[in-house]
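There are 2 protein chains.
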Amino acid sequence: MSLIVQKFGGSSVADAERVMNVASIVTDTYAKGNDVVVVVSAQGDTTDDLIDKANEINPKASKREKDMLLAAGEQISISLLAMAIEKLGYHAVSLLGWQAGFETSSAHTSARIKRVDASRIKREIDKKNIVIVAGFQGLSKYGDITTLGRGGSDTSAVAIAAAMHADLCQIFTDVEGVYTADPRKVKNASKLSEISYDEMLELATLGAQVLNNRSVEMAKKYNIELEVLSSLTKASGTIVKEKSKMEKMLISSVAKDTDVARISVTGIPNVPGLAFKLFTKLSAKDINVDIILQSIGHDGKKDITFTIAKDRIDDAVECLNAYVEAIGAHEVLFDDTVAKVSIVGAGMESHAGVAAKMFEALYDAQINIQMISTSEIKVSVLIDAADADKAVSAIHAKFFD
Amino acid sequence: MSLIVQKFGGSSVADAERVMNVASIVTDTYAKGNDVVVVVSAQGDTTDDLIDKANEINPKASKREKDMLLAAGEQISISLLAMAIEKLGYHAVSLLGWQAGFETSSAHTSARIKRVDASRIKREIDKKNIVIVAGFQGLSKYGDITTLGRGGSDTSAVAIAAAMHADLCQIFTDVEGVYTADPRKVKNASKLSEISYDEMLELATLGAQVLNNRSVEMAKKYNIELEVLSSLTKASGTIVKEKSKMEKMLISSVAKDTDVARISVTGIPNVPGLAFKLFTKLSAKDINVDIILQSIGHDGKKDITFTIAKDRIDDAVECLNAYVEAIGAHEVLFDDTVAKVSIVGAGMESHAGVAAKMFEALYDAQINIQMISTSEIKVSVLIDAADADKAVSAIHAKFFD
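Protein chains in written order, with the working numbering: chain A, 15 to 415; chain B, 15 to 415.
Written out as structure tokens, the structure reads:
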């Protein structure tokens, strides 16, 4: 008998029919002799509907009250799923974040899990209940409801798996697993049976939003075996674990991210610390900078180019224009018609020439590389957005065909 | 400076505009130098929408999960009201039932408040917050969310007023107060400025559903002054207190209840205890019996006639038919075209002839009385439903014109 944590996202419980489908997956797992803890997100569009209600009244409402409002979403989905499981003849009990023992920081709307006191969950399992836990939410030390931010339900599931030493944490989603590339775009893309935590982490940050990054980090830290699989098919998914057998492959996946923009600040006087301060300004506005390129421009002045998330362009340009004036730099330029294409694979660590092979694929496809960034198990290039799909296909063909 | 508890029902917070209206009432009260605790029900049709969702999945869901589901309704309304108050420039904090210290029995869907630990509410008031509490809900000793049943938010408000020794508990509703009769039906009906707890209790059980009965009982027990008033007008309402100045009036109000049915069981053998057992059978099915009339029929057998709530006819007839067969009685008859018309007034206790005056009014209006029931401060008659409005007008004219 194993202890299995199963997590279902909002689209998996969007309506009565899908809730019943989830109930049948859960009860099948339980009927095989496993203890089951289920983590659920809010139904389909509930969160967006609640945000609309709030915005109609006060778009600048406090984060504490936003959390209070949004947490109602999972309360609805957990109770409905419990009812569906009861209908199938099994005992279920739904628990809110605070009832399930989720203690978080008090950073409303993006709280961090500090501790999961799983005693209530354990008591319910001892009573032979299938336990359904509201994902995404917890309680601060001040006794206030908090939420974990986007994708927080994945993290909730892994946190429970860690606290209870679960044998497996299954993340059900609308794709069948992790692929060598986006199967809707690349015809030879194939599902990976296994992938390592590190590879999954790189993919999560590269726009392949199968799993929330914080959840993978936590799974790695506590060595929780994850499985990414579909709630709509019976196919087995992709296992995420410490060392995958995929490591003999050079790379495991090709990903693209079109949610990026390139910004350049030109003519920065060659004074030590000026570049550093520029990034401090952006950081103060919570703008994350990704690939950075620094070059000596004319007259001994520097140009700095870097990428940020596309939706932060306005904030970044406003912030930088003020800075450019203050330090006597030349101007701020930006381009939002770029895309980041990346290859990820633990095999790179021990094999030379992987990056070269990627650049060769791009060269053969006549695609110009604007910027390059590498880590131990990743190579990313910034290219024209119009070339992104062609680039992924060309690279995928080079490594997998 | 006073401590005022204000309660707003679901229709008062049905949409963004009404939530803003409530926020302005609350902040006006606060701006006058009062501490304010607000109790809110779920928005308009939220509770019914949630019940529909549950029924689609499992109409026989456990009461525990129904409570979990329904409690999400107030969570939405309290946070929206807090946001509306923030928009008006005041500090507000919303609290769920369990956060506000509502400890209840574990009778899900109809829990009773056992204790209100108001320490969190007091802390928030000390911080100069307007405190918004979810009505209708609490926590059982097992750590499970409970609800108090229909009208429970009134009781929540009075319970907080009692726990905090509030100076006044205002119940905002869609009528301006308690009237001498239904103002939509009786043209000379007038608003009472005061009424006693006992009179209010009789009215609440007689179909004049201005206040939930449990809330009036609790207000009487802890001597909490209530005010019933409208959230849509600025008019003062009706004060409910121990001794009202209305007591010199013979009666305070005329009410009708059309949600009743009359049932007769005929030809019951004249054996001691048979009638008692009949009511035990009904009680076991949670069917409440109101006016009872027993008469000797033919052949030394008895007829028993009584009234019940109209929506329990099917259950009652089914239950009684089985009993009639078992004891050899004749048959079960029912009539759902009846109405109960009542007069209520503490003045009756010290004045003879009040009932006679009521019967005279009905006689003058050519209305036949089927059954009569009296208490110290109430006289009720059962009449044909078609005569109900005419009866109320005739009685009202007799006493008030």
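Glycine included, every Cβ here is placed at the ideal spot set by N, Cα and C.
{"Query": "For the segment 88-103 of chain B, list every residue whose C-beta sits within 8 Å of some C-beta in chain A, in sequence order.", "Result": "Gln-89, Ile-90, Ile-92, Ser-93, Leu-94, Ala-96, Met-97, Ala-98, Glu-100 and Lys-101"}
{"Query": "For Val-395 (chain A) and Thr-187 (chain A), I'd like the C-alpha separation in whole angstroms.", "Result": "28 Å"}
{"Query": "Helix, strand or coil for Gln-89 (chain B) per DSSP?", "Result": "helix"}
{"Query": "How should Arg-164 (chain A) be labelled, buried or exposed, when 16 other C-beta atoms within 10 angstroms of its C-beta is the threshold for buried?", "Result": "exposed"}
{"Query": "For Ala-96 (chain A), which residues from the same chain have a beta carbon less than 6 Å from its beta carbon, with the 5 sequence-adjacent residues on both sides left out?", "Result": "Ala-106, Ser-108 and Ile-146"}
{"Query": "Less than 9 Å between the C-beta atoms of Ile-92 (chain B) and Val-172 (chain B), yes or no?", "Result": "no"}
{"Query": "Work out the CA separation of Ser-120 (chain A) and Gly-87 (chain B) for me, nearest whole Å.", "Result": "24 Å"}
{"Query": "So what does Leu-347 (chain A) bridge to, in DSSP terms?", "Result": "A:Ser-278"}
{"Query": "Following the continuous alpha helix (DSSP H) through Phe-186 (chain A), name the residue where it begins and the one where it ends.", "Result": "Note, Phe-186 (chain A): premise wrong, no alpha helix (DSSP H); beta strand (DSSP E) at 182-187."}
{"Query": "Helix, strand or coil, according to DSSP, for Arg-32 (chain B) in the structure here?", "Result": "helix"}
{"Query": "Need the endpoints of the beta strand (DSSP E) that Val-19 (chain A) sits in, please.", "Result": "17-22"}
{"Query": "At the 9 Å Cβ level, is Gln-380 (chain A) part of the contact set with chain B, yes or no?", "Result": "no"}
{"Query": "Does the pairing of the segment 352-364 of chain A with the segment 386-403 of chain A give three or more beta-carbon distances under 8 Å?", "Result": "yes"}
{"Query": "Using the C-alpha atoms, what's the distance from Asp-42 (chain A) back to Leu-102 (chain A)?", "Result": "10 Å"}
{"Query": "The segment 62-86 of chain A: which residues have C-beta closer than 8 Å to a C-beta of chain B, in chain order?", "Result": "Leu-64, Lys-67, Ala-68, Glu-70, Ile-71, Asn-72, Lys-74, Ala-75, Ser-76, Arg-78, Glu-79, Lys-80, Met-82, Leu-83, Ala-85 and Ala-86"}
{"Query": "Is there contact between the segment 362-382 of chain A and the segment 402-414 of chain A, where contact requires at least three CB pairs shorter than 8 Å?", "Result": "yes"}
{"Query": "Indicate whether the contact test is met: 3 or more Cβ pairs, each with one atom in the segment 278-287 of chain A and one in the segment 375-386 of chain A, closer than 8 Å.", "Result": "no"}
{"Query": "The beta strand (DSSP E) with Thr-272 (chain A) in it runs from where to where?", "Result": "First-last for Thr-272 (chain A): undefined, no H or E at that position."}
{"Query": "Would you list, in chain order, the members of the segment 191-203 of chain A that have their beta-carbon closer than 9 Å to a beta-carbon of chain B?", "Result": "none"}
{"Query": "Which residue marks the beginning of the beta strand (DSSP E) containing Arg-129 (chain B), and which one marks its end?", "Result": "127-130"}
{"Query": "Does DSSP put Gly-103 (chain B) in a helix, a strand or coil?", "Result": "coil"}
{"Query": "Using DSSP with H/G/I as helix, E/B as strand and the rest coil, what is Val-200 (chain B)?", "Result": "coil"}
{"Query": "Can you tell me whether DSSP reads Phe-373 (chain B) as helix, strand or coil?", "Result": "helix"}
{"Query": "Relative to the alpha-carbon of Leu-17 (chain A), which residue among A:Pro-73, A:Lys-46, A:Ala-298 and A:Ala-360 has its alpha-carbon at the smallest distance?", "Result": "A:Lys-46"}
{"Query": "Considering only C-alpha positions, which residue in the set A:Ile-318, A:Asp-401 and A:Asp-212 is nearest to Glu-256 (chain A)?", "Result": "A:Asp-212"}
{"Query": "Met-34 (chain B) CB to nearest chain A CB: under 9 Å?", "Result": "yes"}
{"Query": "Starting from Lys-167 (chain B) and walking both ways along the alpha helix (DSSP H), at which residues does that stretch end?", "Result": "Residue 167 (chain B) is actually Ser in this sequence, not Lys. Counting along the chain, the alpha helix (DSSP H) containing Ser-167 (chain B) begins and ends at 166-177."}
{"Query": "In chain order, what residues of the same chain have a beta carbon less than 6 Å from the beta carbon of Ala-233 (chain B), not counting five sequence neighbours either side?", "Result": "Val-172 and Leu-240"}
{"Query": "What is the C-beta distance between Ile-71 (chain B) and Ala-30 (chain A), in whole angstroms, given that I count them as a contact (C-beta under 8 Å)?", "Result": "5 Å"}
{"Query": "Is Lys-205 (chain B) a contact residue of the ligand MN, with contact defined as CB to any heavy atom under 8 Å?", "Result": "In terms of ligand content, the structure shown is empty, and the ligand MN therefore cannot be addressed."}
{"Query": "9 Å is my cut-off, CB to CB: does Leu-110 (chain B) come that close to chain A?", "Result": "yes"}
{"Query": "Assuming Ser-26 (chain A) and Arg-32 (chain A) are in contact, meaning their beta carbons sit under 8 Å apart, how far apart are those beta carbons, in whole angstroms?", "Result": "6 Å"}
{"Query": "What residues from chain A crowd round Gly-24 (chain B), counting only those whose CB sits closer than 8 Å?", "Result": "What Gly-24 (chain B) touches in chain A: nothing, since even the nearest Cβ is about 15 Å away."}
{"Query": "Run down chain B in chain order and give the residues with a C-beta less than 7 Å from the C-beta of Gln-113 (chain A).", "Result": "Gly-157"}
{"Query": "Does Glu-261 (chain B) come within less than 9 Å of chain A when only Cβ atoms are used?", "Result": "A caution first: Glu-261 (chain B) carries a pLDDT of 49, below 50, which makes its placement in the model unreliable, though a value can still be read off. With 9 Å as the cut-off, Glu-261 (chain B) does not count as an interface residue toward chain A."}
{"Query": "Measure the CB-CB distance between Val-242 (chain A) and Leu-225 (chain A) and report whether it falls below 9 Å.", "Result": "yes"}
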